[in-house]
Structure formats: C-alpha cells, structure tokens
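Okay, structure first, notes after.
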Amino acid sequence: MAQLLSPNSTELFNFEWLRVRGMATFHGADVAECFEAASKIKPDDPGTWITTPAARLQRELRVYANGPEKACCINPRLLDIIVKTIDTFRKATVLFDSPVHVLEIPYENVRLPAYLYLPKLPPAGREKTPVIVQTSGFDLIQEEMHYFTAAGARARGYATLTFDWPGQDIVLLRDKLHMRPDWEVVVSAVLDQPLRWADERPEWNPDTSRVTIAGCSMGGYFALRGATDPRVKACVSSDGFYDFGLAVPLPDALAFGARSSSAGIRELQRYTVASEGQVSPALRDQVPVLVTGARDSIYAPTGRDRIYDGLTQLQDGRTEALWVPVGIGQVLAGEDRDVVASPPGVLWLARSCLRHQEASHLVIR
Numbered sequence: 013m014a015q016l017l018s019p020n021s022t023e024l025f026n027f028e029w030l031r032v033r034g035m036a037t038f039h040g041a042d043v044a045e046c047f048e049a050a051s052k053i054k055p056d057d058p059g060t061w062i063t064t065p066a067a068r069l070q071r072e073l074r075v076y077a078n079g080p081e082k083a084c085c086i087n088p089r090l091l092d093i094i095v096k097t098i099d100t101f102r103k104a105t106v107l108f109d110s111p112v113h114v115l116e117i118p119y120e121n122v123r124l125p126a127y128l129y130l131p132k133l134p135p136a137g138r139e140k141t142p143v144i145v146q147t148s149g150f151d152l153i154q155e156e157m158h159y160f161t162a163a164g165a166r167a168r169g170y171a172t173l174t175f176d177w178p179g180q181d182i183v184l185l186r187d188k189l190h191m192r193p194d195w196e197v198v199v200s201a202v203l204d205q206p207l208r209w210a211d212e213r214p215e216w217n218p219d220t221s222r223v224t225i226a227g228c229s230m231g232g233y234f235a236l237r238g239a240t241d242p243r244v245k246a247c248v249s250s251d252g253f254y255d256f257g258l259a260v261p262l263p264d265a266l267a268f269g270a271r272s273s274s275a276g277i278r279e280l281q282r283y284t285v286a287s288e289g290q291v292s293p294a295l296r297d298q299v300p301v302l303v304t305g306a307r308d309s310i311y312a313p314t315g316r317d318r319i320y321d322g323l324t325q326l327q328d329g330r331t332e333a334l335w336v337p338v339g340i341g342q343v344l345a346g347e348d349r350d351v352v353a354s355p356p357g358v359l360w361l362a363r364s365c366l367r368h369q370e371a372s373h374l375v376i377r
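Note that the working numbering numbers the sequence shown so that position 28 is 40, with each residue one more than the last.
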C-alpha cells in the first residue's frame, strides 16, 4: 500500500487516511484538511486522531472501528455519538440535489434504519428506475455508504437503498441484534421493500425487475450471500472475503453475539461462501457477478481471487468479471468502492443489470 502518512505510521492509520481522502471525489472530505490532519497524526498514537481538528469528527464517527466491545469500554457515550451522527447526516440530506427518503425496514421484531437515494433525473419516458441495494462492511456506518455508492449512482440514474444491519452500530447497541452468517435472510426482508414501494409509492418508480446488490469489505461477502435471492439480477462484491475464518485471526466477539473470543472464533467459521471448492451453488448461474478489489491495500488479494475462481457456475467475462483498479489513483478516486463511478463499473452495470443492447458485447478484465 502506498504510504502517504509518515513512513512510521501504522498500516491501519495509513489505510484509514487513504479511504477518507478518497471520499473527496463526492465531497465527503476536503483534501487540504486531510493533509493538515496527516501532518499532526503521530505513529502508533490513536489519540492524535482525536486531537487533530480535521480528524476529530472522523474519529467519533468511526470510534468503534476497533470493535464495538472495545469502543464501549473506551467511550461510554458511543450510542449518543452515533445518534448525533445520524441526526447530523439527516439534516444534511435536505440540502442534497436529489431526493433522500428516511425509511425503516421491518425485520424480526425491530425496524432497521434505511435511506433511499433517488436519482437526480427521472428515467426518460416510461422507463422505471433500477435499484442498487448497498450492504456495508463490518465497521462502516450506513451514512458513510452515501460516498461509496449513492453519490455516484444518483448521478447515473440509479436509486440506492442502504440500511443498518444486525450487528452494526445503532441496531447492535440499541436493539441488541447480532450479526448472522446467512445474510440472505436479512436481504430477503430488505428486498420486500421495493415491491411494497411499487404499490404504495408509485412516484418513486422503482424497477423491481432490475435490482443489483453491492457490498464492500465484509459487505462483499454479504452481497454474495444476498445474491442467492431470485429477485437480485446482478451482484457486485468489492474487497470481499471467501472465508472469514481465514481472513482474520481474532474477531470482535460482541458483534457476533458471542460471549468470549473463543466462541467468536467458532462463530466466524460459519461466515463463508465456500462450498466444495466453489462459491455456494445457491448463487444462480443467471446472476452476473462483478468482483473488484484494490490492487495495493491491506486487504489480501486471495479473498478476491478465490471468490472469482470459485464462481464456476458462471461464464468468464460474460456473467462474471474481475476488475482491479490500476494503482493508487483509482483508489483515491473511490473507484474500487463506488463501482458506479468507475468506467468499468458503469459499463458492467449497463450490460448486466440495465441490459442495454450497446453494452452487451463488453468484456471487463
């Protein structure tokens, strides 16, 4: 990974700085403030993320990136911080140049917070709006997903649905719902919503026949599990893992509902898309899959490559594609995460989900 902070900074510090800097493409960060913060961040001193003005808010938004259990011990005001973060973001959405609807999705005995981002311009004629369901990673709040997918999607005619899921921030801390490996159950509840909106909110104009599920980091795993639902017509897995038990040495037990680290490790073994050397056969051969990942990152490329190689039921270059950004420039532009902002991603979605005739011959490698 390119080292843009002090050469003595930890790899995690450098990674987090890069990902925040990458949000500048969609006004999620100010480049000058990022470099000012970088000059004040000290190696191996997490406290400088708090004392640096430009980094203070970012630290509060992501205070539990080191794990909810650990963060709760350090900052007992975590739930209050998350609530204030949500409130601030919702006030900002009123100023966006395209509609944002604050929603709730029924799931078990609770309601999952969600946002529906509608495109800037409605589709031409009678064409309906294709929908991207975005599932975030392990340590991302859903408000942050605006800069990863919705910001690019709304400028290109897509609606984006984001949601907080079991095991994540407000749903974990307030509702005590923990993560589950069979993510298709969660996605099924989420996918019920566009069908309901088609009847109850026809002005939103959702196209329930053109639904893409996308996810980055752990969300890349969630997307692959969710794509087993027959209502999903395309899938994007960015920086996902093939087997979580092999991806990390020790989980944060709290998010998984485990009472100890050893129980958390056993729980991790259930988080896998592997099935006899291939990605789960439940992922239908009619569902095109785009696998992406940064070329130079803290993420191991083996997960990305194993996912792609394991999609044996799909046709190489036709119903499956692998795209790895070239160098740090595309990563800083957010192209490895915001697939609808990248030229390869735009073409792939046009061919696979929108089914535009002019894109039908494209092969992305």
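We treat Cβ as the ideally placed atom computed from N, Cα and C, and that holds for glycine.
None of these values were measured; they are calculated from a predicted model.
With a threshold of 7 Å on Cβ separation, who are the neighbours of residue i within its own chain once the five nearest residues in sequence on each side are excluded?
i: Asp187; result: Val122
i: Pro178; result: Leu189, His190, Met191, Arg192 and Val198
i: Phe101; result: Glu155
i: Leu91; result: Leu185 and Arg186
i: Asp99; result: none
i: Ile86; result: Low confidence applies here, because Ile86 scores a pLDDT of 42, under 50, leaving its location unreliable; read the following figure in that light. So the list is empty, once near-sequence residues are dropped.
i: Asp241; result: Glu196, Val199, Ser200 and Leu203
i: Asp109; result: Lys132
i: Gly315; result: Gly252, Phe253, Tyr254 and Ala259
i: Ile401; result: The question about residue 401 has no answer here: the residues shown for the chain are numbered 13 through 377.
Anyone know if the C-beta pair for residue i and residue j falls short of 9 Å?
i: Ala165; j: Pro131; result: yes
i: Ser148; j: Ser229; result: yes
i: Val223; j: Leu203; result: yes
i: Val299; j: Val244; result: yes
i: Ala126; j: Gln205; result: yes
i: Glu233; j: Trp195; result: Correcting the residue identity first, residue 233 is Tyr in this sequence and not Glu. Going by C-beta atoms, Tyr233 is nearer than 9 Å to Trp195.
i: Leu173; j: Val143; result: yes
i: Asp251; j: Gly322; result: no
i: Thr141; j: Ala171; result: yes
i: Gln146; j: Ala226; result: yes
i: Leu128; j: Gly169; result: no
i: Val95; j: Thr105; result: no
i: Arg207; j: Ala246; result: Rather than Arg, the amino acid found at residue 207 in this sequence is Leu. No, the Cβ-Cβ distance between Leu207 and Ala246 is not below 9 Å.
Between which two residues does the beta strand (DSSP E) holding residue i run?
i: Ala126; result: Val122 to Tyr129
i: Thr147; result: Thr141 to Thr147
i: Leu133; result: It is not in any beta strand (DSSP E) - Leu133 carries neither H nor E in the DSSP assignment.
i: Glu116; result: Val112 to Tyr119
Is residue i close to chain B? Criterion is C-beta to C-beta, closer than 9 Å.
i: Met191; result: In the displayed structure, chain B is absent; only one protein chain is listed.
Please report the Cβ distance between residue i and residue j, rounded to the nearest whole angstrom; I am assuming they are in contact, meaning their Cβ atoms lie under 8 Å.
i: Ala44; j: Trp29; result: Ala44 to Trp29, Cβ: 14 Å. No contact.
i: Phe25; j: Ile53; result: 6 Å
i: Ala163; j: Phe253; result: About 25 Å; that fails the 8 Å criterion.
i: Leu236; j: Ile153; result: Between Ile153 and Leu236 the Cβ distance is about 22 Å, and since that is not below 8 Å, they are no contact.
i: Asp57; j: Leu124; result: At roughly 36 Å, the Cβ-Cβ gap does not stay under 8 Å, so Asp57 and Leu124 are not in contact.
Does any heavy atom of the ligand ZN sit closer than 8 Å to the C-beta of residue i?
i: Thr172; result: This structure simply doesn't include the ligand ZN, nor any ligand for that matter.
In terms of residue numbering, what span does the alpha helix (DSSP H) encompassing residue i cover?
i: Val299; result: Run containing Val299: none; DSSP gives neither H nor E here.
i: Ile93; result: Leu90 to Thr105
i: Lys52; result: Val43 to Lys52
i: Arg31; result: Glu23 to Gly34
i: Ala165; result: Ala162 to Ala165
Could you name the residues of the same chain whose beta carbon sits closer than 6 Å to that of residue i, not counting the 5 residues immediately before and after it, in chain order?
i: Tyr159; result: Met35, Phe38 and Gly40
i: Trp216; result: Trp209
i: Met157; result: Gln146, Ser148 and Thr174
i: Gly231; result: Thr147, Ser148 and Gly149
i: Tyr119; result: Ala201
i: Asp211; result: none
CB-CB under 8 Å to residue i, same chain, minus the five flanking residues each way: which ones, in chain order?
i: His373; result: Annotation note: pLDDT 31 at His373 (below 50); position unreliable, no value reported.
Problem - alpha helix (DSSP H) segments (min. 4 residues) lying fully within the stretch 172–259 - result: List check, alpha helix (DSSP H) in window: 181–185, 195–212, 230–238 and 256–259.
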